[in-house]
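46 is the number that UniProt numbering gives to position 46 of the sequence shown; each next residue is one higher, with no gaps. Quick reminder that beta carbons are idealized off the backbone N, C-alpha and C, glycines included. From a predicted model like this one, the values you see are computed outputs, not experimental measurements. Below: one structure, written as structure tokens.
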Amino acid sequence: MTPAQTPVRDIQTVAVAPDTWALRSRSFVRLKFEVEYARQRGTTSNAFLFQGPDRTVLLSPPGETFTALFLAELERLIALEQIHAVVLGHINPNRAKTLIALLARAPRLEIICSNPGAIALRPLLEGEAADLQTQIRIVRGQEVLELGGDRRLQCIPAPTPRWPDGLCLFDQKHSALYTDKFFAAHVADDALFDESGTATGEDARYFYDCLMASQARQVEAVLDRLAEWPARVIAPVHGPLLRSGGLDLISHYRRWNRAQIEKTLTVALLYASAYGSTATLAQALAHGITKAGVGVETINCEFATPEEIREVVSRADGFVIGSPTLGGHAPTQIQTALGIVLATAPKSQLTGVFGSFGWSGEAIDLLEGKLRNAGYSFGFETIRVKFKPNAGTLQECEEAGTDFAQTLKKTRKARQGRAPAASTPVEQAAGRIVGSLCVVTARREEVSSAMLASWVTQATFNPPGLTVAVAKERAIESLLYPGDAFVLNILEDGQHLPLMKHFLKPFAPGQDRFAGVATRAAANGSPILSEALAYLECRVEGRMDCGDHWLVYCVAEGGDVLNPNGKTAVHFRSTGTHY
Numbered sequence: 001m002t003p004a005q006t007p008v009r010d011i012q013t014v015a016v017a018p019d020t021w022a023l024r025s026r027s028f029v030r031l032k033f034e035v036e037y038a039r040q041r042g043t044t045s046n047a048f049l050f051q052g053p054d055r056t057v058l059l060s061p062p063g064e065t066f067t068a069l070f071l072a073e074l075e076r077l078i079a080l081e082q083i084h085a086v087v088l089g090h091i092n093p094n095r096a097k098t099l100i101a102l103l104a105r106a107p108r109l110e111i112i113c114s115n116p117g118a119i120a121l122r123p124l125l126e127g128e129a130a131d132l133q134t135q136i137r138i139v140r141g142q143e144v145l146e147l148g149g150d151r152r153l154q155c156i157p158a159p160t161p162r163w164p165d166g167l168c169l170f171d172q173k174h175s176a177l178y179t180d181k182f183f184a185a186h187v188a189d190d191a192l193f194d195e196s197g198t199a200t201g202e203d204a205r206y207f208y209d210c211l212m213a214s215q216a217r218q219v220e221a222v223l224d225r226l227a228e229w230p231a232r233v234i235a236p237v238h239g240p241l242l243r244s245g246g247l248d249l250i251s252h253y254r255r256w257n258r259a260q261i262e263k264t265l266t267v268a269l270l271y272a273s274a275y276g277s278t279a280t281l282a283q284a285l286a287h288g289i290t291k292a293g294v295g296v297e298t299i300n301c302e303f304a305t306p307e308e309i310r311e312v313v314s315r316a317d318g319f320v321i322g323s324p325t326l327g328g329h330a331p332t333q334i335q336t337a338l339g340i341v342l343a344t345a346p347k348s349q350l351t352g353v354f355g356s357f358g359w360s361g362e363a364i365d366l367l368e369g370k371l372r373n374a375g376y377s378f379g380f381e382t383i384r385v386k387f388k389p390n391a392g393t394l395q396e397c398e399e400a401g402t403d404f405a406q407t408l409k410k411t412r413k414a415r416q417g418r419a420p421a422a423s424t425p426v427e428q429a430a431g432r433i434v435g436s437l438c439v440v441t442a443r444r445e446e447v448s449s450a451m452l453a454s455w456v457t458q459a460t461f462n463p464p465g466l467t468v469a470v471a472k473e474r475a476i477e478s479l480l481y482p483g484d485a486f487v488l489n490i491l492e493d494g495q496h497l498p499l500m501k502h503f504l505k506p507f508a509p510g511q512d513r514f515a516g517v518a519t520r521a522a523a524n525g526s527p528i529l530s531e532a533l534a535y536l537e538c539r540v541e542g543r544m545d546c547g548d549h550w551l552v553y554c555v556a557e558g559g560d561v562l563n564p565n566g567k568t569a570v571h572f573r574s575t576g577t578h579y
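What follows is the structure in structure tokens.
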């Protein structure tokens with residue numbers, strides 16, 4: 001489809017296998033204010049319909065944005081009263097709206113979910129017909145759903161802190177594994193299958209980094225469980241289905257997991273979330289911490305035992321705790337976790353507090369007050385969010401997480417007290433590579449950022465392309481994915497010091513990088529620095545993982561020289577071990 005033909009949303013229905021259909025609810029625009037949607041590639045919400053001789057089962061209906069479209073498409077395939085059961089891979093209020101609408105038209109439908117799923121679902125069904133509560137069938141362990149004949153679906157519990165109610169299915173007849181959030185990617189296109197893994201590789205990695213990296217130990221346990229069911233097809237709840245070379249994503253998950261678990265510094269991130277807002281804040285904080293090279297162990301206190309909390313806190317180098325405020329108080333589970341932390345975590349550990357609330361924030365004040373009175377040092381200013389977070393708030397959380405991780409690393413280095421090692425001849429030689437002093441600026445809707453850069457070079461003549469090396473912990477990194485736009489502002493020799501000093505100074509999380517700096521908007525929306533020597537308006541074409549940096553390749557789509565008589569400011573270094 002061309003951009004002019006592309007609707008805002010639609011339903012794509014495709015046969016996956018005999019008597020199996022995928023109903024892909026596709027949104028071609030960004031779903032706002034969730035970290036993992038930031039690439040702006042749209043998304044699909046994949047539901048699946050399985051027909052057997054005796055029973056028909058629906059898996060994972062989409063959220064309420066698609067309720068009307070989805071039910072109309074589903075009814076085109078089959079009379080709703082012929083569906084016997086709906087399986088919920090995970091529960092949230094948004095998906096519950098579609099479930100309620102489906103139940104209104106198919107009232108005898110059986111609801112199949114995990115025990116944590118039933119706990120989350122029951123309050124969402126309050127006020128509906130009383131008998132809906134009795135239609136919930138709880139899957140305990142690896143049960144089998146018989147559809148008749150040789151058609152059976154194996155239930156595989158897949159709990160993680162983010163989705164304690166996670167449930168996967170294995171279609172034994174067709175060797176297809178339905179993995180809910182695992183191996184997902186937020187991207188909307190026409191392709192049902194990714195045969196090679198390249199079509200969604202970077203999107204899948206971004207999804208992992210945002211949502212899975214902070215719960216790597218639990219993810220590893222689920223991967224071990226899924227490995228018992230070798231599949232020829234993997235069908236996640238978001239993005240394309242995987243087969244052939246696309247199945248390599250399983251080994252990539254293993255490799256990414258090992259990298260997280262083997263981190264020498266770790267942060268325990270503890271939270272509870274009443275309506276999802278605190279969980280979203282936790283997700284953004286975790287993403288900021290992990291991108292700075294520090295591991296995160298996430299604990300959802302609503303489903304963790306005191307022993308699990310104690311074990312994670314005792315082996316962590318720092319901890320962050322977040323809570324909603326319910327009736328003027330912190331939930332009981334958070335109060336229990338706080339007591340464990342105060343009894344377990346050494347006072348030398350770095351801490352942080354965050355939370356969301358509706359009308360008051362007593363729970364956040366309680367956490368901050370108790371930890372300050374106990375003598376803990378804080379790695380960022382306490383984050384208080386009223387109602388749902390927005391994109392600016394999530395940027396603040398991500399930057400706070402990165403600052404927290406960098407402070408942890410500096411603290412460890414100071415405690416070790418090691419003198420800097422002398423530069424080797426190779427490092428000294430690498431330092432003789434000079435680079436132009438530039439400022440990279442980017443803006444996406446209400447989120448903006450900037451960084452000083454000197455690792456910049458022209459890479460291609462046609463198209464006119466260049467590369468920029470970006471440290472992984474940079475705040476601007478999340479605005480430099482393929483398809484994103486930015487401006488490369490080239491600084492002028494003799495006039496560069498004020499701008500260099502401004503963009504070298506530390507910024508508080510969410511702070512405006514451009515306050516006091518003269519700018520104007522480029523055609524791509526990013527800021528042009530008025531005092532720059534020249535500028536290039538760039539579009540990111542690709543990026544490569546290079547150790548502690550991303551190498552971003554971009555194409556220059558516009559630009560100008562602002563002072564034809566000026567010379568480029570150049571950065572000279574004596575060693576290749578730092579900028």
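Can you tell me whether residue i is buried or exposed, with buried defined as 16 or more other CB within 10 angstroms of its CB?
{"i": "C397", "result": "buried"}
{"i": "E446", "result": "exposed"}
{"i": "E578", "result": "Per the sequence shown, residue 578 should be read as His rather than Glu. The residue is exposed, with fewer than 16 neighbouring Cβ atoms inside 10 Å."}
{"i": "Q511", "result": "exposed"}
{"i": "V296", "result": "buried"}
{"i": "W21", "result": "buried"}
{"i": "R520", "result": "exposed"}
{"i": "W359", "result": "exposed"}
{"i": "F461", "result": "exposed"}
Just the Cα atoms here: how many angstroms apart are residue i and residue j?
{"i": "R384", "j": "A400", "result": "13 angstroms"}
{"i": "E228", "j": "A414", "result": "46 angstroms"}
{"i": "H502", "j": "F514", "result": "9 angstroms"}
{"i": "G52", "j": "V86", "result": "14 angstroms"}
{"i": "A47", "j": "V14", "result": "11 angstroms"}
{"i": "K409", "j": "E473", "result": "12 angstroms"}
{"i": "S448", "j": "G149", "result": "57 angstroms"}
{"i": "T278", "j": "R76", "result": "39 angstroms"}
{"i": "R105", "j": "Q260", "result": "46 angstroms"}
{"i": "L223", "j": "P161", "result": "15 angstroms"}
{"i": "D189", "j": "V29", "result": "12 angstroms"}
{"i": "A450", "j": "L103", "result": "50 angstroms"}
{"i": "L562", "j": "S530", "result": "8 angstroms"}
{"i": "S251", "j": "D171", "result": "21 angstroms"}
{"i": "A204", "j": "V35", "result": "14 angstroms"}
{"i": "F303", "j": "L497", "result": "53 angstroms"}
{"i": "R26", "j": "R9", "result": "5 angstroms"}
{"i": "L338", "j": "V353", "result": "11 angstroms"}
{"i": "P18", "j": "S175", "result": "12 angstroms"}
{"i": "H571", "j": "A231", "result": "53 angstroms"}
Excluding five sequence neighbours on each side, which residues of the same chain lie with their C-beta closer than 7 angstroms to the C-beta of residue i?
{"i": "L247", "result": "I234"}
{"i": "D403", "result": "G379, F380 and P509"}
{"i": "residue 582", "result": "What is shown of the chain runs 1 to 579, which leaves residue 582 out entirely."}
{"i": "L124", "result": "P93 and A96"}
{"i": "K173", "result": "D150 and R151"}
{"i": "F507", "result": "R513"}
{"i": "S214", "result": "L269, A286, T290, V296 and T298"}
To which residues of the same chain is residue i closer than 6 angstroms at the C-beta, ignoring the five residues directly before and after it?
{"i": "M212", "result": "V219"}
{"i": "R24", "result": "Q12, T44 and N46"}
{"i": "A475", "result": "E399 and S449"}
{"i": "P159", "result": "G166"}
{"i": "F183", "result": "I234, P236 and L249"}
List the DSSP bridge partners of residue i.
{"i": "G559", "result": "L536"}
{"i": "I111", "result": "V86 and I136"}
{"i": "F357", "result": "K386"}
{"i": "E297", "result": "A268"}
{"i": "V470", "result": "W550"}
{"i": "W21", "result": "A15 and L49"}
Cutting at 8 angstroms between CB atoms, please list the residues of its own chain near residue i, excluding the five before and the five after it.
{"i": "T575", "result": "S423, E427, Q428, A430 and G431"}
{"i": "C546", "result": "A469"}
{"i": "N565", "result": "none"}
{"i": "A274", "result": "P324, L326 and P331"}
{"i": "Y535", "result": "V487, L488, N489, I490, A522, I528, L529, G559, D560 and L562"}
{"i": "P389", "result": "F33, S277, T280, L281, A284, S356 and C397"}
For residue i and chain D, any beta-carbon pair shorter than 8 angstroms?
{"i": "A282", "result": "The chain inventory of the structure shown lacks chain D, comprising one protein chain alone."}
* Asked: So, do the stretch 153-168 and the stretch 112-121 have three or more beta carbon pairs nearer to each other than 8 angstroms?
  -> yes
* Contact the stretch 529-545 vs the stretch 477-486: 3+ CB pairs below 8 angstroms -> yes
* With a cut-off of 8 angstroms, do at least 3 Cβ pairs link the stretch 62-73 to the stretch 309-320? -> no
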